[in-house]
Amino acid sequence: AYVNLMKYLGKDIDDLQFLDTLQQLVFVDESLLKEFDVDVRGIIPNIVRKNPIIEEQDAKKAFTDEWGVRWEMPEGSLYYNLVKSPLSGEITEDDIENFPFPNTSDPKLLDGLVEKAKQYYDDGYAVILESVCAGIFEMSCRIRGTQDFLMDLAINPELACRLMDKIVDLKIGFYKMASERLGQYIQFIREGDDVAGQESMMISLNMYRKLIKPRHERLFKAQKELFPQPFFVFFHSDGQVFDILPDFIEIGMDILNPVQVTGKDLSEIKREFGNHISFWGGGCDTQKVLPFGTADDVKKDVQQRIEKLSPNGGFVFCTVHNIQADVSPQNIMAMYEAYKNKNKINIEI
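The structure is reproduced here in structure tokens:
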């Protein structure tokens with residue numbers, strides 16, 4: 004979609020550089036960011052998924068990341084799939100203690116990025132720092148294997164909590180190092196954890212509140228203590244998370260992303276939570292409307308969503324999630340044109 008859009012706009016395409024090989028996300032050209040009025044810039048630590056050593060064999064690509072997780076992308080696929088978790092099967096807490104976790108406090112993770120963060124800050128952009136790894140729940144599923152980790156939560160919570168605590172420690176170690184090197188330039192950290200699916204939570208509310216919520220709270224608290232104010236906790240959580248939004252708010256979340264709604268009215272969500280948090284996302288439906296609708300469908304969807312999410316501010320416009328490969332340049336431009344015309348419907352963003 005990015006390459007098609009650049010060609011559509013008549014822009015030169017330099018060598019594509021991945022910011023996330025797993026999801027096949029690339030860095031967006033600065034000229035396009037400016038053309039689309041993007042007032043935020045991101046700092047992505049030098050982690051493996053940014054520039055992995057790719058092995059090619061039997062018409063597929065593969066790599067192993069710094070956490071020992073194995074990823075493969077078959078021929079014709081759009082993304083990498085997790086195929087091997089390093090701590091799957093029967094393990095003990097000693098196996099967790101002895102596991103060769105990466106050094107997340109290594110200053111090399113930010114080599115070449117401190118200057119970039121300063122330049123963005125000096126140029127007047129809001130600067131957001133990407134986390135060093137996936138969320139506490141997600142990362143545990145990757146290392147342990149989703150099936151094994153869900154079983155741990157149910158029948159061996161002590162083991163599950165030991166792994167999650169280790170991940171929290173590693174995340175905080177990264178944030179401590181990052182705060183010392185570029186903290187004065189950072190306003191947000193993109194932390195995330197997908198604990199819900201399209202229709203409901205992936206685990207029970209009680210399990211979330213008992214086992215995972217305290218660890219999210221420790222992470223949010225550490226961020227706010229380490230980084231100078233004003234600082235905001237940006238939390239990405241896909242799916243139907245609205246039953247636990249009060250929990251997120253209670254433990255210090257300031258911004259929800261990507262605002263993925265199924266069976267919920269955006270106006271209702273805005274009324275209930277808009278005085279407590281900001282919504283970063285939700286600007287256009289990336290599952291149905293953006294890929295499959297007409298340009299007019301896209302404009303209508305954008306206008307309706309802006310009208311519902313923007314009253315009294317607290318809304319940062321962007322799509323619900325990543326723009327997929329089959330989205331036409333015309334629909335992307337229709338989305339942007341609808342956003343540009345926001346002032347015609349008397350709203351505040």
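Counting in my numbering, the sequence shown runs from 4 upward without gaps. Beta carbons are placed, not taken as given, at the ideal position from N, Cα and C, and that holds for glycine.
- M204 carries a strand assignment under DSSP once its states are collapsed to helix, strand and coil.
- If you draw a straight line from the Cα of L28 to the Cα of L208, it comes to about 32 Å.
- Taking C-beta separations shorter than 7 Å and ignoring five residues to either side along the sequence, the partners of F30 in its chain run Q20 and L22, following chain order.
- Rounded to whole angstroms, V323 and A62 show a C-alpha spacing of 33 Å.
- DSSP, read as helix, strand or coil, puts V41 in coil.
- I280 places its beta carbon less than 9 Å from that of I252.
- Using a Cβ-Cβ distance cut-off of 8 Å, the segment 222-242 and the segment 254-266 are in contact, since at least three pairs of beta carbons, one from each stretch, lie closer than that value.
- Assigned with DSSP and collapsed to three states, A4 falls in coil, not helix or strand.
- Bounds of the alpha helix (DSSP H) holding M142 are I139 to R147.
- Around A129, the same chain offers D42, V43, R44, Q190 and F191 as residues with beta carbons nearer than 8 Å, after the five sequence neighbours per side are excluded.
- Shown here, M154 sits in a helix according to DSSP, grouped into three states.
- Boundaries of the beta strand (DSSP E) around K87: N84 to K87.
- Taking the Cβ atoms as the reference, A337 lies roughly 15 Å from K291, outside the contact range of under 8 Å.
- Per DSSP, T297 has no beta bridge partner at all.
- Within the same chain, Cβ atoms closer than 6 Å to the Cβ of P332 are found at N7, L8 and Y11, the five residues on either side in sequence being excluded.
- For the pair I16 and L185, the Cα-to-Cα distance works out to about 30 Å.
- The beta carbon of G242 sits closer than 7 Å to the beta carbons of D197, A199, G200, Q201 and Q263 from its chain, once the five residues preceding and following it are set aside; these are given in chain order.
- Using a Cβ distance threshold of 9 Å, V135 and P48 count as a contacting pair.
- Buried is the label assigned to T24, since at least 16 other Cβ atoms lie within 10 Å of its Cβ.
- In this structure, A65 lies near V86, with their beta-carbon atoms less than 9 Å apart.
- Counting only runs of 4+ residues, the alpha helix (DSSP H) found wholly inside the segment 213-296 occupies 216-229, 248-253, 269-276 and 292-295, in chain order.
- For R73, the enclosing beta strand (DSSP E) begins and ends at R73 to P77.
- Taking the CA atoms as reference points, A181 sits about 10 Å from Y188.
- Following the DSSP letters along the chain, one finds I99 inside the alpha helix (DSSP H) bounded by residues E96 to E100.
- The beta-carbon separation of R52 and I131, rounded to 17 Å, does not stay under the 8 Å limit for a contact.
- Per DSSP, the continuous alpha helix (DSSP H) segment holding D125 begins and ends at V117 to D125.
- Taking each of N159, G317, F295 and Y339 in turn and checking the Cα distance to A328, the smallest one comes out for F295.
- The shortest C-alpha to C-alpha distance from A137 to any of S80, D68 and L35 is the one to D68.
- Annotation for K345: no alpha helix (DSSP H) segment contains it, and DSSP assigns it neither H nor E.
- Contact between G277 and C321 does not hold, since the beta-carbon distance rounds to 17 Å and is not under 8 Å.
- In this structure S143 touches A163 by the C-beta definition: roughly 7 Å separates them, less than 8 Å.
- Cβ contact annotation for E141 (same chain, cutoff 7 Å, sequence separation greater than five): D196 and D197, in chain order.
- Secondary structure note for D23: it is in no alpha helix (DSSP H), and the uninterrupted beta strand (DSSP E) holding it is F21 to D23.
- Each of A298, I139, T149 and P160 was checked against the Cα of K169, and the nearest Cα belongs to I139.
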